[in-house]
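A.B. asks:
Next up, the structure:
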């Protein structure tokens with residue numbers, strides 16, 4: 148029974164009062180619940196085994212666990228979850244339970260509402276067979292067809308009209324031992340008298356959509372007419388050995404679920420059983436080309452892409468699991484089969500995608516004004532971190548041309564939560580002009596973080612260097628010229644006495 152039921156309570160049969168439910172069921176049966184013209188079954192006939200799957204799920208939500216106030220409302224005496232659990236009583240049905248409920252209660256710990264703790268205790272003690280839904284009752288075919296990672300699977304409950312053989316194969320590869328598919332999804336079903344079949348060797352339980360719809364109608368407004376229609380749907384076109392009906396994913400009010408279950412349990416032609424009690428030979432069936440509606444699938448692919456990008460971005464965080472787990476939960480929440488308001492769902496998807504962009508821009512290189520660099524100095528690069536946890540990034544800086552020489556060794560830096568940190572790169576001016584310097588952030592393993600930042604650096608090589616070099620050159624030239632003149636003078640002085648001596652001889 149869905150937690151997002153309507154508020155109407157008119158004509159409600161009180162649950163939790165077994166005697167009242169039994170009397171009401173008896174009244175319905177004696178008022179003509181068996182279809183007209185049908186023979187009343189006897190105790191010696193083999194009854195049809197009826198497996199009813201009841202979902203216990205919270206309303207769809209866009210993000211996060213279920214808060215305490217909502218849990219308190221859902222599990223109060225008149226809350227939807229409390230009423231759903233009470234409605235099934237001790238009847239032999241199969242419960243499909245959303246793990247998000249228990250996860251939300253456990254996360255609250257001592258702050259969990261008393262009613263929520265009591266509800267989980269009652270659920271643990273309930274006699275029914277059960278299996279876990281995907282978290283938030285995520286639609287498995289939506290996940291698979293959008294390319295999202297599938298969790299480990301057990302029993303999988305698909306949405307009518309969306310399932311193909313490729314889906315079932317993927318579910319089996321993820322560990323699914325049983326897949327619930329709607330009868331309308333089958334194009335070949337050799338033995339419709341049995342609710343059990345197989346698709347490419349994978350066991351499936353075929354959900355009878357007509358019986359499910361009749362069950363919902365009878366539970367919403369129990370009467371001899373609605374219960375008779377339910378019994379007729381179960382009987383189908385002839386003798387049926389087993390039938391599976393499923394309820395709990397639609398927005399309906401079920402004031403008479405307990406009454407209907409009591410009536411079915413008292414029908415000699417039926418035997419309420421759990422899914423695990425269904426047995427017998429299985430025939431090989433074939434699925435059609437079921438698929439999610441294209442607009443829904445395209446929109447959800449953007450959520451999957453956002454989760455993938457956010458998971459990669461989380462590598463720089465001190466606690467990457469905190470980001471990845473939250474994003475994974477958000478993906479499952481938005482895949483919930485309980486979303487029936489298309490406009491609200493589209494809005495939630497758009498918000499999720501925008502939130503992802505905000506997350507990935509939360510660590511960035513702060514914009515810098517134009518810098519002035521004279522001769523030898525350093526270039527600062529500031530990194531901002533808007534996250535609530537520290538990050539570790541690698542910073543690099545490159546000059547666009549050779550007028551500026553930068554030490555291009557990468558710098559690894561940790562930026563505290565909600566803080567800003569600067570690193571400096573040694574640089575020297577080679578010649579004058581304006582040079583573009585590009586700074587980049589990456590994770591330690593080289594994944595780009597954010598967009599590169601470009602700053603204009605006004606390079607001035609400095610007047611001291613060329614003047615000093617020129618002065619040194621002039622001085623050196625003067626010294627060399629002086630030495631040359633001295634050497635020549637001495638040579639001339641030595642040559643004159645030799646010439647005079649030669650003349651005297």
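Residue numbers (the numbering used here): 148 to 652.
Ideal Cβ positions, reconstructed from N, Cα and C, are used throughout, including at glycine.
Got a sec? Which residues, its chain only, sit under 8 Å from residue 535 by beta carbon, not counting five neighbours each side?
C.D. replies: As a first step, residue 535 must be located in the chain shown, where it is residue number 388. Same-chain partners within the cutoff: 564 and 565.
A.B. asks: What I want to know is whether the C-beta of residue 577 ends up closer than 8 Å to one or more non-hydrogen atoms of the ligand MG.
C.D. replies: Looking for the ligand MG in the displayed structure turns up nothing, as the structure carries no ligands at all.
A.B. asks: In whole angstroms, give me the CA-to-CA distance for residue 348 and residue 388.
C.D. replies: For the purposes of this step, residue 348 is taken as the residue at position 201 of the chain shown. For the purposes of this step, residue 388 is taken as the residue at position 241 of the chain shown. Their backbone Cα atoms lie some 21 Å apart in a straight line.
A.B. asks: Please state the DSSP three-state secondary structure of residue 275.
C.D. replies: If you number the chain shown from 1, residue 275 lands on position 128. In this structure, residue 275 counts as coil in the three-state DSSP scheme.
A.B. asks: When you compare the CB positions of residue 289 and residue 444, do they come within less than 9 Å of one another, or not?
C.D. replies: The residue labelled residue 289 in the question sits at position 142 within the chain shown. The residue labelled residue 444 in the question sits at position 297 within the chain shown. A contact, by the Cβ cut-off of 9 Å.
A.B. asks: Where does residue 253 fall in DSSP's three states?
C.D. replies: Start at 1 with the first residue of the chain shown, and residue 253 comes out as number 106. Helix.
A.B. asks: Please list the terminal residues of the continuous beta strand (DSSP E) segment that includes residue 455.
C.D. replies: Counting from one through the chain shown, the residue named residue 455 turns up at place 308. Note, residue 455: premise wrong, no beta strand (DSSP E); alpha helix (DSSP H) at 441 to 460.
A.B. asks: Secondary structure at residue 492, three-state DSSP: helix, strand or coil?
C.D. replies: Walking along the chain shown from the start, residue 492 turns up at place 345. Residue 492 falls in the helix class under three-state DSSP.
A.B. asks: Report yes if the C-beta distance between residue 332 and residue 308 is below 9 Å; otherwise report no.
C.D. replies: One-based indexing of the chain shown puts residue 332 at position 185. One-based indexing of the chain shown puts residue 308 at position 161. Yes, they are a contact pair.
A.B. asks: When DSSP builds the beta bridges, which residues end up paired with residue 304?
C.D. replies: For the purposes of this step, residue 304 is taken as the residue at position 157 of the chain shown. Paired residues: 327.
A.B. asks: Helix, strand or coil: how does DSSP classify residue 607 here?
C.D. replies: For the purposes of this step, residue 607 is identified with residue 460 of the chain shown, where counting begins at 1. DSSP places residue 607 in strand when its eight states are reduced to three.
A.B. asks: In chain order, what residues of the same chain lie with their CB nearer than 6 Å to the CB of residue 255, ignoring the 5 residues before and after it?
C.D. replies: The residue labelled residue 255 in the question sits at position 108 within the chain shown. Answer for residue 255: 215, listed in chain order.
A.B. asks: Quick check: residue 544 and residue 530, are their CB atoms within less than 9 Å of each other?
C.D. replies: In the chain shown, the residue the question calls residue 544 occupies position 397. In the chain shown, the residue the question calls residue 530 occupies position 383. Contact flag unset, no.
A.B. asks: List the DSSP bridge partners of residue 335.
C.D. replies: Residue numbering aside, residue 335 sits at position 188 when the chain shown is read from its first letter. Per DSSP, 433.
A.B. asks: Look up residue 527 in the DSSP assignment and give the residues it is bridged to.
C.D. replies: On the chain shown, residue 527 is found 380 positions in, with the first residue counted as 1. 571, per the DSSP bridge assignment.
A.B. asks: Put residue 371 into one of helix, strand or coil per three-state DSSP.
C.D. replies: If you number the chain shown from 1, residue 371 lands on position 224. Correct three-state label for residue 371: helix.
A.B. asks: Which residue from 202, 359, 195 and 211 puts its Cα closest to that of residue 474?
C.D. replies: As a working mapping, residue 474 is identified with position 327 in the chain shown. When only C-alpha atoms are compared, the closest one is 211.
A.B. asks: Return the first residue and the last residue of the beta strand (DSSP E) that residue 559 is part of.
C.D. replies: Taking the first residue of the chain shown as 1, we reach residue 559 at position 412. Run containing residue 559: 558 to 562, per the beta strand (DSSP E) assignment.
A.B. asks: Looking only at its own chain, which residues have a Cβ that is under 6 Å from the Cβ of residue 451, when we skip the five neighbours before and after it?
C.D. replies: Translated into positions along the chain shown, residue 451 becomes position 304. Cβ within range, chain order: 293, 294 and 295.
A.B. asks: At what residues does the beta strand (DSSP E) containing residue 236 begin and finish?
C.D. replies: The count along the chain shown starts at 1 and reaches residue 236 at position 89. Run containing residue 236: none; DSSP gives neither H nor E here.
A.B. asks: Measuring alpha carbon to alpha carbon, tell me which residue in 550, 384, 585 and 285 is nearest residue 528.
C.D. replies: Residue 528 sits at position 381 when you count from the first residue of the chain shown. For the residues 550, 384, 585 and 285, the minimum Cα distance to residue 528 belongs to 585.
A.B. asks: Can you give the Cα-Cα distance for residue 384 and residue 213, rounded to whole angstroms?
C.D. replies: Position 237 of the chain shown, counting from 1, holds the residue named residue 384. Position 66 of the chain shown, counting from 1, holds the residue named residue 213. Looking at the two C-alpha atoms, the distance is approximately 44 Å.
A.B. asks: CB-CB under 6 Å to residue 316, same chain, minus the five flanking residues each way: which ones, in chain order?
C.D. replies: Position 169 of the chain shown holds residue 316. Excluding sequence neighbours, residue 316 sits near nothing in its chain.
A.B. asks: Return the bridge partner residues of residue 483 from the DSSP annotation.
C.D. replies: As a working note, residue 483 is residue 336 in the chain shown. Residue 483 is bridged to 285.
A.B. asks: So, at 7 Å on beta carbons, what are the nonlocal neighbours of residue 459 in its own chain, with the 5 sequence-adjacent residues on each side left out?
C.D. replies: What you label residue 459 is simply residue 312 of the chain shown in a count that begins at 1. 594.
A.B. asks: Can you check whether the C-beta of residue 457 is within less than 9 Å of a C-beta belonging to chain C?
C.D. replies: Absent from the structure is chain C; it holds one protein chain and no more.
A.B. asks: What does residue 532 pair with, by DSSP beta-bridge criteria?
C.D. replies: By one-based count along the chain shown, residue 532 stands at place 385. The partner list for residue 532 (beta bridge, DSSP) reads 510.
A.B. asks: Can you tell me which of the three DSSP states residue 709 falls into?
C.D. replies: There is simply no residue 709 to check, as the chain begins at 148 and stops at 652 in what is shown.
A.B. asks: Taking the C-alpha atoms as reference points, what is the distance between residue 197 and residue 390?
C.D. replies: As a first step, residue 197 must be located in the chain shown, where it is residue number 50. As a first step, residue 390 must be located in the chain shown, where it is residue number 243. Whole-angstrom Cα-Cα distance: 5 Å.
A.B. asks: From the DSSP secondary-structure annotation, give me the bridge partner or partners of residue 196.
C.D. replies: Along the chain shown, read from residue 1 onward, the residue named residue 196 stands at position 49. DSSP lists 389 and 418 as partners of residue 196.
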